[in-house]
Amino acid sequence: MERKPLVVVPGLVRRDVIAYLQEYVDVRQWTEKTKMPREVLKEWLREADGLWSINSISVDADLVKDAPNLKVIAQASVGYDNVKIDDLTAAGIPYGNTPGVLNETVAELAFTLIAAASRRIIENAAFVKNGRWAERPSNIKGFDLSRRTLGIIGMGAIGVSISRRARAFGMTVVYHNRHQRNDDQLYRTTYMELDELLATSDVVCIMAPLTDETYHMCDAEFFKKMKKTALFVNVGRGAIVDTDALIDALKNGEIDYAALDVTDPEPLPADHPLLEIDNCLIVPHIGSYTDRTRYDMSMLTANNLIAGVNKKPLTTCVNEQINYKKPEMDVESALAELKKAGVDVTDFD
1470 MERKPLVVVP GLVRRDVIAY LQEYVDVRQW TEKTKMPREV LKEWLREADG
1520 LWSINSISVD ADLVKDAPNL KVIAQASVGY DNVKIDDLTA AGIPYGNTPG
1570 VLNETVAELA FTLIAAASRR IIENAAFVKN GRWAERPSNI KGFDLSRRTL
1620 GIIGMGAIGV SISRRARAFG MTVVYHNRHQ RNDDQLYRTT YMELDELLAT
1670 SDVVCIMAPL TDETYHMCDA EFFKKMKKTA LFVNVGRGAI VDTDALIDAL
1720 KNGEIDYAAL DVTDPEPLPA DHPLLEIDNC LIVPHIGSYT DRTRYDMSML
1770 TANNLIAGVN KKPLTTCVNE QINYKKPEMD VESALAELKK AGVDVTDFD
């Protein structure tokens, strides 16, 4: 009996999706709670046809150089700053990520942070739980979102989803990208250069990917250009922000408040100084963390792997230039397929 392709999974993922994957491939999975040693992973990849990558693994030429059968790598995330795409392209290995399926979920989380931070929901909830309601007013005042300006840095599909929610709250939306979009009129958004956006926005939301250009983009000078009353929100990547500069900006009153889904480092150590700051709300990187979205992301990853190990096109491929292509069919074979499907091909004869 012909063996199934082998897919290596170097960590814990959803059991229901692993069961689905096992219908099509053999799975070799690292199930320990500790991180899989890199040398062990490289040894497993010697016989592997596919790799289900995870964020904690650096995927590069060194990892795949001794994996002659490796046909595909896929990861259940949109971002791939742990992956050297050029290395995989040079090795002829298509890489699949999971764009699209998490857009609305991440946008919901981003705007939840904006709304919760602007109205100081966490602080006021703690005020009640601590038995202090009778001291009203709490003196923990928030600010309105209506008639305020939201500035989005990184206006991709998720940014557009955030902008829809912001407009529903009566906000004006401006954004900064490397290039201006061509659909500003449709989404009622306005492009601005970065410095103008920082000076104008009451809320600055980071949605950019982590690249060499965006690493520590939010530094001391960045925060000094923001309004002193501004809310800073990061749902992009932690390392886009110089954490020390953010701490100083919050302590020195250069900005009013921060709400973060991502940090640098991540996770934050329990004694990290950022956790000691009162005007900072932090959640543990839960942008896509709902059951439905994580299932959809995992299923897309599984289907990319199933396609790739069989040298069929990945549904979502970052290095599309080496994605597998559908085989071209000659006219005779195409007519035969149509006939098999019950199509009258008389007119084609």
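Using the numbering used here, the first residue of the sequence shown is number 1470, and each one after it goes up by one.
For every residue, glycine included, the Cβ atom is placed at its ideal position computed from N, Cα and C.
Would you check if the distance between the CB atom of LEU1475 and the CB atom of ALA1517 is smaller than 7 Å? Within the sequence shown, numbered from 1, the residue matching residue 1475 stands at position 6. Within the sequence shown, numbered from 1, the residue matching residue 1517 stands at position 48. Inclusion of LEU1475 and ALA1517 in the CB contact set at 7 Å is warranted, their separation being smaller than that value.
So LEU1719 and CYS1749 are in contact, right, with Cβ under 8 Å, and what is the actual spacing, rounded? Taking the sequence shown and counting its residues from 1, one reaches residue 1719 at position 250. Taking the sequence shown and counting its residues from 1, one reaches residue 1749 at position 280. Contact between LEU1719 and CYS1749 holds: their C-beta atoms lie close to 6 Å from each other, under 8 Å.
Do three or more CB pairs link the segment 1537-1556 to the segment 1502-1519 at distances below 8 Å? They touch, by the three-pair rule.
Which parts of the segment 1476-1547 are runs of the beta strand (DSSP E), unbroken and 3 residues or longer, counting only runs that do not cross its ends? Taking only runs of at least 3 residues, the beta strand (DSSP E) segments lying wholly in the segment 1476-1547 are 1495-1498, 1519-1522 and 1541-1544.
With a threshold of 8 Å on Cβ separation, who are the neighbours of LYS1795 within its own chain once the five nearest residues in sequence on each side are excluded? Counted from its first residue, the sequence shown places residue 1795 at position 326. These residues qualify, in order along the chain: LYS1781 and PRO1782.
Secondary structure of ASN1703, DSSP reduced to three states: Within the sequence shown, the letter at position 234 stands for residue 1703. In the structure shown, ASN1703 sits in a strand (DSSP, three-state: E or B).
Length of the line joining the Cα atoms of ASN1646 and ASP1495: Counting from one through the sequence shown, the residue named residue 1646 turns up at place 177. Counting from one through the sequence shown, the residue named residue 1495 turns up at place 26. Their Cα atoms are separated by approximately 43 Å.
Compare the C-alpha of GLN1790 against each of VAL1533, LYS1502 and ILE1562 and name the closest. Your numbering for residue 1790 matches position 321 in the sequence shown. Answer by Cα proximity: ILE1562.
Determine, using beta-carbon pairs with one atom in the segment 1649-1656 and one in the segment 1665-1679, whether at least three such pairs fall under 8 Å. Pairwise C-beta distances place the segment 1649-1656 out of contact with the segment 1665-1679, as fewer than three of them are shorter than 8 Å.
On the CB-based measure, 16 or more other CB atoms within 10 Å of its CB, does ASP1740 come out buried or exposed? In the sequence shown, the residue the question calls residue 1740 occupies position 271. Classification of ASP1740: exposed, given that the 10 Å Cβ count is below 16.
Whose C-beta lies closer than 8 Å to the C-beta of PRO1742 among residues of the same chain, with five residues either side of it excluded? Residue numbering aside, residue 1742 sits at position 273 when the sequence shown is read from its first letter. Answer for PRO1742: ILE1716, listed in chain order.
Between SER1587, ALA1536 and LEU1578, which has its C-alpha nearest TYR1726's C-alpha? If you number the sequence shown from 1, residue 1726 lands on position 257. Comparing alpha carbon positions, the residue from SER1587, ALA1536 and LEU1578 closest to TYR1726 is SER1587.
Out of ASN1593, LYS1694 and ARG1634, which has the shortest C-alpha to C-alpha gap to VAL1575? As a position in the sequence shown, residue 1575 is number 106, starting the count at 1. Selected option, being the one with the closest Cα: ARG1634.
Hey, how far is the Cα of ARG1761 from the Cα of PRO1753? Start at 1 with the first residue of the sequence shown, and residue 1761 comes out as number 292. Start at 1 with the first residue of the sequence shown, and residue 1753 comes out as number 284. Going by the C-alpha atoms only, they are around 18 Å apart.
Is there a Cβ from chain C that is less than 7 Å from the Cβ of GLU1665? No chain C appears in this structure, which consists of one protein chain only.
Residues near TYR1684 in its chain [Cβ-Cβ closer than 8 Å; skip 5 each side]: Taking the sequence shown and counting its residues from 1, the one referred to as residue 1684 is at position 215. Cβ neighbours of TYR1684 beyond the five flanking positions: ALA1708 and ILE1709.
Reduced DSSP category for ALA1689 - H, G, I as helix; E, B as strand; rest coil: As a first step, residue 1689 must be located in the sequence shown, where it is residue number 220. In this structure, ALA1689 counts as helix in the three-state DSSP scheme.
What does the alpha-carbon distance come out to for the pair LYS1504 and GLY1480? In the sequence shown, residue 1504 corresponds to position 35, counting from 1. In the sequence shown, residue 1480 corresponds to position 11, counting from 1. Taking the straight line from one Cα to the other gives about 7 Å.
Compute every distance between the C-beta of GLU1604 and the non-hydrogen atoms of the ligand HEM, then say whether any falls below 6 Å. Ligands displayed in this structure: none; no statement on the ligand HEM is therefore possible.
VAL1787 beta carbon less than 7 Å from that of ILE1554: If you number the sequence shown from 1, residue 1554 lands on position 85. If you number the sequence shown from 1, residue 1787 lands on position 318. Yes, they are a contact pair.
Would you tell me roughly how many angstroms separate the C-alpha atoms of LEU1514 and ALA1714, rounded to the nearest one? As a first step, residue 1514 is located in the sequence shown; it is residue number 45 there, counting from the start. As a first step, residue 1714 is located in the sequence shown; it is residue number 245 there, counting from the start. One Cα belongs to LEU1514, the other to ALA1714, and the distance between them is close to 41 Å.
If you drop the 5 nearest sequence neighbours on each side, which residues of the same chain put their C-beta closer than 6 Å to that of THR1698? Indexing the sequence shown from 1 puts residue 1698 at position 229. Excluding its 5 nearest sequence neighbours in each direction, THR1698 has C-beta neighbours in its own chain below 6 Å: ASP1725, listed in chain order.
Member of ALA1536, ASN1551, LEU1663 and SER1546 whose CA lies at the smallest distance from the CA of GLY1569: The residue given as residue 1569 occupies position 100 in the sequence shown. Proximity to GLY1569 across ALA1536, ASN1551, LEU1663 and SER1546 peaks at SER1546, based on C-alpha coordinates.
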